[in-house]
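Colleague: Residue numbering for the first sequence follows my numbering, beginning at 395 and increasing consecutively.
A virtual CB, placed ideally from N, CA and C, is assigned to each residue, including glycine.
As the structure is a prediction and not an experimental result, all values here were calculated from the model.
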Amino acid sequence: MAIAALLRDTAIESLTTLYQQSFSDKDFQINQTKPEFEGDYTIVLFSLIKKLKKSPEVAGNELGGYLTATYPHLFSGYNIIKGFLNLSIAEPYWLQGLEKNYADSNFGRQPLNGERVMVEYSSPNTNKPLHLGHLRNNFLGWSSAAILTASGYDVVKTCIANDRGIHICKSMVAWQLFANGATPESTGMKGDHFVGDYYVLFGAELKKQVETLTAQGISKEEAEKQAPIMLQAQQMLVDWEAGNPDVIALWKKMNSWVYAGFDVTYKRIGSDFDKTYYESDTYLLGKDLVEFGLKKGVFFQKNDGSVWIDLTADCLDEKIVRRRDGTAVYMTQDIGLAVKKYEEYKCNKSIYVVGNEQDYHFKVLKLICQKLELPAADGIFHLSYGMVELPSGRMKTREGTVVDADDMIDEMVNVSRQKTEELGKVKDFTPAELKDLFDTIGLGALKFFLLRVDPKKKMLFNPDESIDFHGFTGPFIQYTHARIKSILRKEPVTDIALKKPLLTLEKGLLIILEQYPAIIEQAATEYNPSLIANYVYSVAKTFNSFYTEHSIANAESEEKKQLRLRLCQMTANIIASAMGLLGIKVPERM
RNA sequence: GGCCCGGUAGCUCAGUUGAAUAGAGCAACUGCCUUCUAAGCAGUAGGUCAUUGGUUUGAAUCCAAUCCGGGUCACCA
């Protein structure tokens with residue numbers, strides 16, 4: 395058990411014995427002791443003294459005395475400052491952890507949960523290429539899945555391709571009008587970019603037509619509906635739904651171009667899925683559930699035949715679940731898909747990695763599923779993340795203010811090449827090794843940049859300032875790992891007994907390393923990869939301070955050297971493991 | 001307008017299950033490469049935690065109000 399949890403349990407037990415009352419973890423708080431005070435962990439006594447009606451000195455001495463006397467293998471001493479009981483953890487505890495687990499980043503922890511959970515992420519539209527916001531989604535989704543797996547869940551990764559609808563038809567119409575039969579092959583373009591360009595062309599042509607119409611005195615709103623190219627797109631959607639073979643063939647062709655493009659990007663960033671659902675297969679789902687809901691009295695029908703749910707009692711609005719023409723809406727599909735997913739995978743938990751603009755949608759989705767008493771309705775969780783914004787505000791495809799994902803990755807890899815060449819530390823690498831290293835560092839910088847921020851919060855990206863490679867960044871942590879590996883290549887770890895006492899920086903590093911399993915649990919519980927990012931940064935930072943201060947190869951004694959080598963080994967393992975949970979590789983050299 | 005989310009150093013972000021003097025990185029300034037990788041380390045400077053009031057032994061954190069920013073309230077997805 396991690397020391398913090400062990401300390402908590404031990405304190406509760408001791409308090410119960412001492413005072414013949416029951417205590418819980420709510421009665422006191424345990425913090426890491428601030429560096430300016432003596433001790434490793436601190437019990438905050440204020441709320442305890444209220445319950446015990448004793449002064450902090452008295453209560454602190456009684457508890458501190460009892461703990462050190464009863465558990466000498468855990469506690470080597472204590473002091474009380476104001477209402478804080480600072481405890482020193484006994485060195486054997488740290489040394490034992492280091493001796494037993496230096497090769498195991500899990501500290502011997504055996505996560506055995508086995509519960510199955512589904513993580514849906516990425517979910518692109520197939521009419522345009524991915525942008526920076528999609529990258530945040532992909533990295534978050536992949537990383538959350540990895541963290542849940544590490545925490546013992548059986549994770550099923552899914553993706554829903556939004557492959558039908560008016561947006562696709564816009565690209566299709568524009569291609570028919572302007573492409574003259576051009577293809578990604580004939581133009582040498584990546585398929586998703588190729589198709590995306592026609593989506594942009596559609597917008598440009600629509601704007602022209604709207605301007606012509608408004609010049610004739612038609613309102614802008616009306617002009618957008620009346621514009622011939624818009625009518626064409628709408629007709630194409632009708633034809634698609636009717637199964638018109640020509641339209642279907644064109645749709646299949648253009649989607650296949652996009653998928654080919656996505657495949658390249660996904661492969662590069664490491665996104666993968668156990669199952670991909672296609673909206674074209676699922677968009678009719680959920681219709682029978684409307685009938686079910688009507689019978690159950692959860693839904694009601696309006697005079698025009700449309701079906702609704704009244705959520706005003708839950709402080710929400712009325713929401714439509716079936717149009718008057720009998721067709722399903724987005725919400726209906728999502729309910730149907732939730733049922734389908736459950737039937738296929740029997741996951742009691744289902745995580746949807748979707749932007750926070752859809753907070754309302756998912757609130758309603760969960761509520762409807764609960765009211766319909768669908769299985770696993772309570773397990774629906776919207777992992778809502780904030781938009782990536784530019785200094786000018788939100789990215790908008792139509793206004794061309796979008797940071798393209800492929801461009802972004804290319805740029806990061808280029809910068810990593812430049813910096814690596816400037817430093818000139820890997821001149822002996824083969825071209826293949828170099829390429830691999832540039833990808834590792836460039837993607838590492840990008841992934842870390844997007845994952846270090848709390849998912850819930852919107853974040854800002856300034857294209858004029860390139861993403862940093864110093865400080866709180868991926869490359870900094872990768873560099874720390876490479877540095878350690880360089881030592882470990884030269885100095886073998888042996889079984890020699892470790893030597894007391896631990897120096898401040900050695901113990902400080904151990905204290906942080908020991909927290910890793912608890913951090914994984916927390917990140918899994920909160921679906922928050924940024925906790926891992928912040929943690930692994932503090933590990934690297936702490937290691938670097940230790941590294942600069944104390945020589946490893948030329949330690950004072952062989953025992954000290956071995957102790958430090960094990961610290962190195964353990965740090966490298968944890969960095970590699972934690973970065974792995976973020977989907978970031980760590981190089982042996984850089 | 002209703003509902004939701006946010007406002008912490010010049011900039012980007014931690015800290016938000018209440019706890020010791022509010023922390024990092026970037027940018028600025030000072031030092032440190034004849035010793036294990038300087039993509040590093042050590043240090044200086046930078047704060048009315050949006051504002052006001054309240055609860056508390058104790059508030060960036062909880063409550064209320066106000067101001068500012070964003071999202072959302074489609075028979076689009």
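I believe D1034 touches G508 by the beta-carbon criterion, under 8 Å. Please report the beta-carbon distance rounded to the nearest angstrom.
Modeller: For residue 1034 there is no data in the structure shown, the boundaries of the chain being 395 and 984.
Colleague: For a quick check, are the C-beta atoms of Y739 and K669 less than 9 Å apart?
Modeller: Here residue 739 refers to the residue found at position 345 when the first sequence is read from its first residue. Here residue 669 refers to the residue found at position 275 when the first sequence is read from its first residue. It is a contact, given that the beta carbons lie within the stated cut-off.
Colleague: What separation, rounded to the nearest whole angstrom, lies between the Cα atoms of A799 and K979?
Modeller: Along the first sequence, read from residue 1 onward, the residue named residue 799 stands at position 405. Along the first sequence, read from residue 1 onward, the residue named residue 979 stands at position 585. Cα to Cα, the separation comes out at about 19 Å.
Colleague: Can you tell me which of Q695, V796, E982 and G458 puts its alpha carbon nearest to the alpha carbon of I871?
Modeller: By 1-based counting over the first sequence, the position of residue 871 is 477. Of Q695, V796, E982 and G458, the residue nearest in Cα terms is E982.
Colleague: Helix, strand or coil: how does DSSP classify Y779 here?
Modeller: The residue given as residue 779 occupies position 385 in the first sequence. In this structure, Y779 counts as strand in the three-state DSSP scheme.
Colleague: Is DSSP giving N480 helix, strand or coil here?
Modeller: In the first sequence, residue 480 corresponds to position 86, counting from 1. Strand, per DSSP.
Colleague: Could you check the C-alpha separation between Y921 and H776 for me, to the nearest Å?
Modeller: To locate residue 921, count along the first sequence from 1; it is residue 527. To locate residue 776, count along the first sequence from 1; it is residue 382. For Y921 and H776, the distance between alpha carbons rounds to 10 Å.
Colleague: Nearest by alpha-carbon distance to E735: which of K713, K601 and A771 is it?
Modeller: In the first sequence, the residue the question calls residue 735 occupies position 341. Correcting the residue identity first, residue 735 is Lys in this sequence and not Glu. If we check each option's Cα against that of K735, A771 comes out closest.
Colleague: Where Y672 and I554 are concerned, what is the direct C-alpha to C-alpha distance, given to the nearest angstrom?
Modeller: As a working mapping, residue 672 is identified with position 278 in the first sequence. As a working mapping, residue 554 is identified with position 160 in the first sequence. Going from the Cα of Y672 to the Cα of I554 covers about 6 Å.
Colleague: Closer than 7 Å by C-beta to A934: which residues in its own chain qualify, once you throw out the five before and the five after it? Chain order, please.
Modeller: Along the first sequence, one-based indexing puts residue 934 at 540. Closer than 7 Å at the Cβ level, and outside the excluded window around A934, lie F870, I871, T874 and I969.
Colleague: Please report the straight-line C-alpha distance between Y460 and N750, rounded to a whole angstrom.
Modeller: What you label residue 460 is simply residue 66 of the first sequence in a count that begins at 1. What you label residue 750 is simply residue 356 of the first sequence in a count that begins at 1. C-alpha separation (whole angstroms): 50 Å.
Colleague: Give the single residue among F596, A927, E605 and T965 whose Cα lies nearest to the Cα of K564.
Modeller: For this step, residue 564 is matched to residue 170 along the first sequence. That would be F596, whose Cα lies nearest to the Cα of K564.
Colleague: Following the continuous alpha helix (DSSP H) through D586, name the residue where it begins and the one where it ends.
Modeller: If you number the first sequence from 1, residue 586 lands on position 192. First-last of the alpha helix (DSSP H) with D586: G585 to A609.
Colleague: How long is the line joining the alpha carbons of P622 and V567, rounded to whole angstroms?
Modeller: Counting from 1 along the first sequence, the entry for residue 622 is found at position 228. Counting from 1 along the first sequence, the entry for residue 567 is found at position 173. Going from the Cα of P622 to the Cα of V567 covers about 11 Å.
Colleague: Going by C-alpha to C-alpha distance, which of S470, L766, E943 and D403 sits closest to L903?
Modeller: Residue mapping note: residue 903 aligns to position 509 of the first sequence, counting from 1. For L903, the nearest C-alpha among the options comes from E943.
Colleague: Quick one: measure Cβ to Cβ for V692 and L766, integer angstroms, because I've assumed they're closer than 8 Å.
Modeller: Stepping through the first sequence from its first residue, residue 692 is reached at position 298. Stepping through the first sequence from its first residue, residue 766 is reached at position 372. Contact flag correct, Cβ pair sits at about 6 Å.
Colleague: Whole angstroms is fine: what's the gap from I406's alpha carbon to Y487's?
Modeller: As a first step, residue 406 must be located in the first sequence, where it is residue number 12. As a first step, residue 487 must be located in the first sequence, where it is residue number 93. Rounded to whole angstroms, I406 to Y487 spans 20 Å at the Cα level.
Colleague: Quick check: the stretch 423 to 433 against the stretch 443 to 453, are there 3 or more CB pairs under 8 Å?
Modeller: The stretch 423 to 433, when compared against the stretch 443 to 453, does not touch it at the 8 Å Cβ threshold.
Colleague: With 16 other CB atoms within 10 Å as the buried threshold, where does K760 fall?
Modeller: As a working note, residue 760 is residue 366 in the first sequence. With 16 or more other Cβ atoms within 10 Å, it is buried.
Colleague: Runs of 3 residues minimum, wholly inside the stretch 715 to 785: which ones carry the beta strand (DSSP E) assignment?
Modeller: Listed in chain order, they are 743 to 749, 774 to 779 and 782 to 784.
Colleague: Are P849 and G780 close, meaning C-beta to C-beta below 9 Å?
Modeller: For this step, residue 849 is matched to residue 455 along the first sequence. For this step, residue 780 is matched to residue 386 along the first sequence. Contact: yes.
Colleague: So, do the stretch 521 to 535 and the stretch 611 to 618 have three or more beta carbon pairs nearer to each other than 8 Å?
Modeller: Result no; under three Cβ-Cβ pairs closer than 8 Å.
Colleague: Check each candidate in R510, E815, K522 and N531 and name the one with the smallest Cα separation from T832.
Modeller: Residue 832 sits at position 438 when you count from the first residue of the first sequence. Checking the sequence shown, residue 832 turns out to be Phe, not Thr. Of R510, E815, K522 and N531, the residue nearest in Cα terms is E815.
Colleague: Please report the straight-line C-alpha distance between S860 and F866, rounded to a whole angstrom.
Modeller: What you label residue 860 is simply residue 466 of the first sequence in a count that begins at 1. What you label residue 866 is simply residue 472 of the first sequence in a count that begins at 1. One C-alpha to the other measures close to 14 Å.
Colleague: Between the alpha carbons of Y931 and Y435, how many angstroms are there, rounded?
Modeller: Residue mapping note: residue 931 aligns to position 537 of the first sequence, counting from 1. Residue mapping note: residue 435 aligns to position 41 of the first sequence, counting from 1. Roughly 21 Å between the two C-alpha positions.
Colleague: Only counting runs of 4 or more residues, tell me where the alpha helix (DSSP H) segments fall wholly within the stretch 414 to 466, in order along the chain.
Modeller: Entirely contained in the stretch 414 to 466, the alpha helix (DSSP H) runs reaching 4 residues are, in chain order, 440 to 446 and 450 to 464.
Colleague: Hey, how far is the Cα of F440 from the Cα of C709?
Modeller: Counted from its first residue, the first sequence places residue 440 at position 46. Counted from its first residue, the first sequence places residue 709 at position 315. Whole-angstrom Cα-Cα distance: 39 Å.
Colleague: Is the distance from the Cβ of A533 to the Cβ of G977 below 9 Å?
Modeller: Residue numbering aside, residue 533 sits at position 139 when the first sequence is read from its first letter. Residue numbering aside, residue 977 sits at position 583 when the first sequence is read from its first letter. Position check: residue 533 holds Phe in this sequence, whereas Ala was assumed. Taking 9 Å as the Cβ cut-off, F533 and G977 qualify as a contacting pair.
Colleague: When you compare the CB positions of V791 and V604, do they come within less than 9 Å of one another, or not?
Modeller: Taking the first residue of the first sequence as position 1, residue 791 is located at position 397. Taking the first residue of the first sequence as position 1, residue 604 is located at position 210. First, the residue type needs correcting, since residue 791 is Thr and not Val in the sequence shown. No, these two residues do not count as a Cβ contact at 9 Å.
Colleague: Where DSSP assigns a beta bridge to K852, which residues make up the other side?
Modeller: On the first sequence, position 458 is the one that residue 852 refers to. For K852, which the question treats as bridged, DSSP gives no partner whatsoever.
Colleague: Anyone know if the C-beta pair for W634 and I642 falls short of 9 Å?
Modeller: By one-based count along the first sequence, residue 634 stands at place 240. By one-based count along the first sequence, residue 642 stands at place 248. Taking 9 Å as the Cβ cut-off, W634 and I642 qualify as a contacting pair.
Colleague: Since K669 is in the beta strand (DSSP E), which residue starts that stretch and which ends it?
Modeller: One-based indexing of the first sequence puts residue 669 at position 275. Segment K669 to Y672, the beta strand (DSSP E) holding K669.
Colleague: Which partner residues does Q695 have in the DSSP bridge list?
Modeller: As a first step, residue 695 is located in the first sequence; it is residue number 301 there, counting from the start. DSSP lists V701 as partners of Q695.
Colleague: If you measure between the beta carbons of R718 and K689, is that distance less than 9 Å?
Modeller: Start at 1 with the first residue of the first sequence, and residue 718 comes out as number 324. Start at 1 with the first residue of the first sequence, and residue 689 comes out as number 295. Cβ atoms of R718 and K689: not closer than 9 Å.
Colleague: By a C-beta neighbour count over all protein chains shown, 10 Å radius and 16 as the cutoff for buried, is N480 buried or exposed?
Modeller: As a position in the first sequence, residue 480 is number 86, starting the count at 1. When all chains shown are included, N480 counts as buried.
Colleague: Quick check on the burial criterion: 16 or more other C-beta atoms within 10 angstroms. Buried or exposed for P639?
Modeller: The residue labelled residue 639 in the question sits at position 245 within the first sequence. Exposed is the call here.
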